[in-house]
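Undergrad: Handing you this structure, nothing more for now.
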Amino acid sequence: MNFTEPWCDTCSTVGYAARLGNVELLESLINEKKPVDVADNRGWRPLHEAAAASPTIDCLEKLLKYGGTDVNWTTHEGESALLLACKRRQGTEADAFVNLLLRHGADPNILDNEEDSPLLEAVRNRNKYVVEQLISAGANVNATDCSKWSPLHEAATKQDPTILHLLLSSNAIIDIQDECGMTPIFTAAQHGCESCLKELLSAAKERNQESVVNIGAEDWATPLMIAAQQGFVNCVKILLDYGADPDLKTSDNATALHLAVQGDNKACLEILLEKMNLEPLIKAFHPSTYEDIDMICPVHLAVEWGSYGSLQALLAAGFSPDSLYTCSDLALSRMITYLPKLETAISYAAFKSDKTSISILLAAGASCSPPVPESSHPLLRAMIHPEPDVFHIFIESGTNVNYQRHNEASNEVFLYSLLTSSNYLKLLLYYGCDPNLCFQNESEILFFIRCTGYFLRRESIPISEFCKLLLRFLLISKKVKYAFLELNNLFGGDVGDILEELNRPSSLKHICSVRLRQHLYSIHGVKLPHVIKHLSLPPVMEQYMACEDLKFSPG
């Protein structure tokens, strides 16, 4: 329902004449002693119609001269005729109507139900002459509406500083804050109003209130932060020239740098990088000196928002391409409980399948393997996607598919492939991933059994086929026998022949193949398939070692 809609059947004849601007009819009705104080459904009297709706000022003048009119009558919304004229009239027309009302004693400090003032409405309409008239008539320049928004706040959002200067000359408070804690300096920075920003900061300096430049909103965000976020380069420069502190933080520990990165405002970011004390930030996120400072890593933030220009600027300023930050939940990591909670920026880029960020980070020297044991393996992130594009980028960049952590014997890359898809398992085996690393420590066999069980249930692959394929890459040991027996007990497949094979000595061909693959991988890494093809081996041996025939058939 529209509560401001006028109902024709509630408007008096005098009010209707004023609304139409029919001076002759209005004068005739007044002479007939028709009442001028009858309100319609909105509480509008003929005076309000004449001030806000009449096409001519004559009706307003006629009503004001009549003794039965109160110039300060208000509507149901608390609006005076003066406030309506300031709100609805523009330009020279507004000048004339306001001037007439003020000459007849209109009170410039009557606020409506939302605590809007005539002065605030005049500033909104950018009417300099009306503002001057209201101030001369005693309007309170610091009166705020119900959200604590002042005329100075409003003036600061305009590109023309003329009205702002008028308000400041009339002792408008510079550090006044709205309900969100924003000052006029904040709103000027927020809207990129350079002239107003300079005017405010200059006035603050004259009043010895230089610290106002750093007053933050309720979330502690400063004018510098909002200017950097919006990409207003000149505003950033102005604020810094007037003493803005670039190292201040919001309530959630973000700096102006973070907000510039979020908006990918590279020019603002580069200015901040020169002014900020970067050493503690760079050190806190560096893999060799990582410290949890309860702040998001700027490099990860650039990846999060696809801020490629900002990412390049951060790396050029000294942030490590292997910077660490707490990773998002790594799907299925509960199956491999020793996986760390930190990840590099390139790992996060892999999670987002952001090839541009990956390319930028690789060019800056980022590692495709964990740079320190405390970080997760980027390849695990690549394997959560059905398409292997990122996986192949990491392979081409020399990732380590046999990475092992301190005090952990399992091959986490191999185990994680069991949690994703058979395609990744086959690719990893092809590139030299060694499942033998999962059987070096008895306590680690549990991870193998758990992940294999998940794999067999999801892929619907017969246990016999899986075991036969895996034996091709394993050196038989007591731990391998134990693991296979446990799998047989869990799934009850027909693996009697495989269990018998485990009790026989492995063939020389098999042992040589496994050992040679291990040795070549230790030297050449994931280039193993390429190296095998250039060993001049007999075709049968080459095919066996290269594992190009790997396949699974659903059960």
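In terms of full-length UniProt numbering, the sequence shown has 346 at position 346, counting the first letter as 1, and numbering is strictly consecutive.
Each residue gets a CB set at the ideal place from its N, CA and C atoms; glycine is no exception.
1. What does DSSP give as the partner residue(s) for L508 in the beta ladder?
2. If you measure from the beta carbon of S323 to each beta carbon in chain B, is any gap under 8 Å?
3. Is it buried or exposed, N127, if we count other Cβ atoms within 10 angstroms and call 16 or more buried?
4. Check this for me: beta carbons of L83 and D112, under 8 Å apart or not?
5. Taking 8 Å as the threshold (C-beta atoms), are S353 and V401 in contact?
6. Does Y482 come out as helix, strand or coil in the three-state DSSP assignment?
7. Hey, how far is the Cα of S310 from the Cα of H191?
8. Does the beta-carbon distance from T75 to H48 come in below 8 Å?
9. Hey, which unbroken runs of the alpha helix (DSSP H) at 4 residues or more fall wholly within the region 441-468?
10. Note down, one range per segment and in chain order, each alpha helix (DSSP H) of at least 4 residues found wholly within the UniProt domain "SOCS box" (499-551).
11. On the premise that L152 lies in contact with A172, defined as a C-beta separation below 8 Å, what is that separation, rounded to the nearest angstrom?
12. Does DSSP classify S12 as helix, strand or coil?
13. In chain order, what residues of the same chain have a beta carbon less than 8 Å from the beta carbon of N423, not counting five sequence neighbours either side?
14. Can you round the beta-carbon distance between K266 and A313 to whole angstroms, since I take them to be within the 8 Å contact cut?
15. Could you give the first and the last residue of the continuous alpha helix (DSSP H) run that contains E396?
16. Could you say if the region 153-168 and the region 99-118 meet the contact criterion of at least three C-beta pairs nearer than 8 Å?
17. Taking only the alpha-carbon atoms, compute the straight-line gap between A350 and I336 and give it to the nearest angstrom.
18. So what's A18 in DSSP terms, helix, strand or just coil?
19. Tell me the rounded alpha-carbon separation between L240 and H104.
20. I'd like to check one pair, V98 with D58: are the Cβ atoms closer than 8 Å?
21. Measuring alpha carbon to alpha carbon, tell me which residue in S147, E77 and C467 is nearest L502.
22. Once the 5 residues before and after E291 are set aside, which same chain residues still bring their CB inside 7 Å of it?
23. Could you please give the first and the last residue of the uninterrupted beta strand (DSSP E) stretch that includes L248?
24. DSSP has Y325 in a bridge; who is on the other side?
25. Which value, in whole angstroms, describes the spacing of the CA atoms of D160 and A254?
26. If you draw a straight line from the C-alpha of N142 to the C-alpha of S150, how long is it?
27. Run through DSSP, which three-state label would G555 get?
28. In chain order, what residues of the same chain have a beta carbon less than 6 Å from the beta carbon of M182, not counting five sequence neighbours either side?
29. The alpha helix (DSSP H) spanning D58 covers which residue range?
30. According to DSSP, what are the bridge partners of S80?
TA: According to the data block:
1. L508 is not bridged to any residue.
2. No chain B is present in this structure, which holds just one protein chain.
3. It counts as buried.
4. yes
5. Taking a C-beta distance under 8 Å as the contact criterion, V401 and S353 do not qualify as a contact pair.
6. helix
7. 22 Å
8. yes
9. 445-459
10. DSSP runs (the alpha helix (DSSP H)) wholly in the UniProt domain "SOCS box" (499-551): 508-524, 528-533 and 539-546.
11. 4 Å
12. coil
13. Excluding positions up to five away in sequence, the list reads P388.
14. 5 Å
15. D389 to E396
16. no
17. 20 Å
18. helix
19. 49 Å
20. In this structure, D58 keeps its C-beta atom at 8 Å or more from the C-beta atom of V98.
21. C467
22. A284
23. Neither: L248 is in no beta strand (DSSP E) and is coded neither H nor E.
24. Paired residue(s): E343.
25. 32 Å
26. 6 Å
27. Its pLDDT being 37, under 50, G555 is placed unreliably in this model, and the value from its coordinates should be taken loosely. It is coil, neither helix nor strand.
28. A217
29. D58 to K65
30. T74
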